[in-house]
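Asker: In the numbering used here, the protein residues as written are 2 to 388.
Cβ coordinates follow ideal geometry from the N, Cα and C atoms, glycine included.
As the structure is a computational prediction, the values presented were derived from the model and not from experiment.
First the structure, which I've put down as structure tokens, then a few questions once you've had a look.
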Ligand SMILES: *Cc1c(COP(=O)(O)O)cnc(C)c1O
């Protein structure tokens with residue numbers, strides 16, 4: 002059998018991806034699709050004059066999120082980053098604390114920990130899910146912490162480990178059930194960064210619903226978008242009320258007086274964006290089916306080329322937000338990125354590990370063997386819904 006040279010298979014991949022998106026050159030990594038009632042709802046919101054943070058689309062958006070995810074409460078925010086900030090803050094993350102997360106994530110996961118004055122600890126991910134590895138979490142907590150009735154303390158730094166923030170990478174649910182069990186055992190608050198996994202389920206349960214809070218992003222590049230937007234979900238009514246209060250400048254209800262009872266944030270989603278979100282959410286099932294079909298096409302295609310394609314774990318139903326392949330090594334990855342982008346097919350490497358960024362270089366980590374292995378090999382390929 003004659004083995005195809007790498008560059009030959011690169012051009013085969015480029016041609017194939019272009020054939021999947023015949024009308025879009027350059028082929029974007031993930032473009033939004035506005036094929037529903039987006040214009041109608043946005044125009045309606047303008048007509049109502051309620052374009053800012055009060056309006057019926059915001060309420061409707063929150064109701065739809067609750068229905069889709071099966072949570073009792075949702076609070077809409079201007080983006081996923083501030084949703085995560087508030088979730089960590091309300092979970093009790095304070096200056097001087099530490100928060101466990103994964104190094105293979107978008108920078109917002111670590112930044113929001115910093116906004117609370119806390120410091121991230123980066124633990125390894127699973128090669129299969131690309132999310133926080135429960136074995137790494139358990140191992141770290143067992144060997145490096147001491148639990149008192151005040152909480153879980155890091156023996157090396159003396160700091161309290163206040164929370165754990167795993168992330169469902171590219172929409173693929175991590176082993177959240179095990180992670181939740183470990184967090185409960187060690188008395189650590191669980192906050193899911195489900196920014197990428199709206200529409201993804203772990204054993205039939207929506208991601209973002211396993212801990213105290215889950216957060217979603219509705220940024221322009223996510224599965225469902227409202228331009229910029231996010232949401233916090235929780236089943237705890239008291240926390241839901243606090244989340245709404247603190248994201249709306251902590252303003253106390255009064256017919257005309259300006260009274261604020263805390264240092265709040267102006268993080269509330271405008272009605273104009275919520276209008277777009279409502280129209281997008283109406284198409285969620287179509288988006289998810291379409292993306293599932295695309296993932297199957299990719300899986301079959303890359304199977305023939307012997308290139309591993311990142312599939313959903315068997316316990317999960319993934320949103321397949323961003324499709325990903327795993328190349329042979331760093332050199333192949335770099336060659337592939339160059340060849341595809343030059344041919345106007347947008348591909349991107351997975352994020353540089355967060356512990357390697359300037360501001361997080363002094364954070365504690367474990368050996369991060371899988372994270373480094375994945376960073377060297379994982380590339381995202383075009384994943385927009387196909388019309
Ligand atoms: C997109 C994303 C966010 C933040 O969302 P924004 O809405 O862009 O602020 C946070 N975490 C992860 C992992 C993301 O992918």
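1) Assuming the contact rule is C-beta atoms closer than 8 Å, residue 120 and residue 99 should be a hit. Round their C-beta distance to whole Å, please.
2) Using the Cβ count rule (16 or more neighbours within 10 Å means buried), how would you classify residue 263?
3) Closest by CA to residue 26, which one among 137, 370, 233, 342?
4) Is the beta carbon of residue 244 less than 8 Å from the beta carbon of residue 76?
5) Secondary structure at residue 387, three-state DSSP: helix, strand or coil?
6) Under 8 Å, do residue 131 and residue 375 count as touching if we go by C-beta distance?
7) Using only CA atoms, which one of 144, 129, 97, 256 lies nearest to residue 115?
8) Rank 283, 208, 134, 147 by C-alpha distance to the C-alpha of residue 160 and give the top, closest one.
9) If you run the structure through DSSP and keep just helix, strand and coil, what is residue 272?
10) Rounded to a whole number of angstroms, what is the C-alpha to C-alpha distance between residue 15 and residue 344?
11) Would you please state the rounded distance, in angstroms, between the beta carbons of residue 179 and residue 196? I believe it to be under 8 Å.
12) For residue 254, which residues from the same chain have a beta carbon less than 7 Å from its beta carbon, with the 5 sequence-adjacent residues on both sides left out?
13) How would you write the range of the alpha helix (DSSP H) that residue 335 sits in, first residue to last?
14) Fully enclosed by the stretch 269-323, which alpha helix (DSSP H) runs are 4 residues long or longer?
15) According to DSSP, which residues form a beta bridge with residue 325?
16) May I have the straight-line CA-CA distance separating residue 204 from residue 314, to the nearest angstrom?
17) Here's the rule I'm using: 16 or more other beta-carbon atoms within 10 Å means buried, otherwise exposed. How should residue 2 be labelled?
18) Which first and last residues belong to the beta strand (DSSP E) in which residue 231 is found?
19) Less than 8 Å between the CB atoms is what I'm expecting for residue 270 and residue 28, so what's the real figure, rounded?
20) Buried or exposed: residue 259, going by 16 or more other Cβ atoms within 10 Å of its Cβ?
21) Closest by CA to residue 281, which one among 122, 50, 224, 176?
22) For my contact list, residue 10 and residue 306 are in at a C-beta cut-off of 8 Å; report their separation, rounded to the angstrom.
23) With a threshold of 7 Å, establish whether the CB of residue 464 neighbours any heavy atom of ligand 1.
24) State the CB to CB distance for the pair residue 173 and residue 317, rounded to an integer number of angstroms; the pair is presumed to be in contact (CB under 8 Å).
25) Consult DSSP for residue 404 and reduce its assignment to one of helix, strand or coil.
26) When every heavy atom of ligand 1 is checked, does at least one fall within less than 7 Å of the C-beta of residue 319?
27) So, under 8 Å CB-CB, residue 138 and residue 109 are touching, yes? Tell me the CB distance rounded to an integer number of Å.
28) Under three-state DSSP, which class holds residue 116?
29) How about residue 107: is its Cβ closer than 7 Å to a heavy atom in ligand 1?
30) Within 10 Å of its beta-carbon, does residue 149 have 16 or more other beta-carbons around it, so buried, or fewer, so exposed?
Answerer: According to the structure data:
1) 5 Å
2) exposed
3) 342
4) yes
5) Note: residue 387 maps to coil in three-state DSSP.
6) yes
7) For residue 115, the closest C-alpha among the options 144, 129, 97, 256 is that of 97.
8) 147
9) helix
10) 7 Å
11) Incorrect: roughly 21 Å between the Cβ atoms, too far for contact.
12) none
13) Run containing residue 335: 331-343, per the alpha helix (DSSP H) assignment.
14) 272-282, 285-305
15) 381
16) 10 Å
17) Note that residue 2 has pLDDT 45, beneath the 50 cutoff, so the model's placement of it is unreliable and the number below is only indicative. Looking at its Cβ environment, which holds fewer than 16 other Cβ atoms inside 10 Å, residue 2 is exposed.
18) Note, residue 231: beta strand (DSSP E), 231-235.
19) With 8 Å as the limit, residue 270 and residue 28 do not qualify as a contact, their Cβ atoms being about 31 Å apart.
20) exposed
21) Nearest C-alpha to residue 281: 224.
22) 6 Å
23) Here the chain has residues from 2 to 388 only, and residue 464 is not among them.
24) 7 Å
25) Missing from the structure shown is residue 404; the chain here goes from 2 to 388 and no further.
26) no
27) Here residue 138 is actually not in contact with residue 109; their C-beta atoms are around 21 Å apart, not less than 8 Å.
28) helix
29) yes
30) exposed
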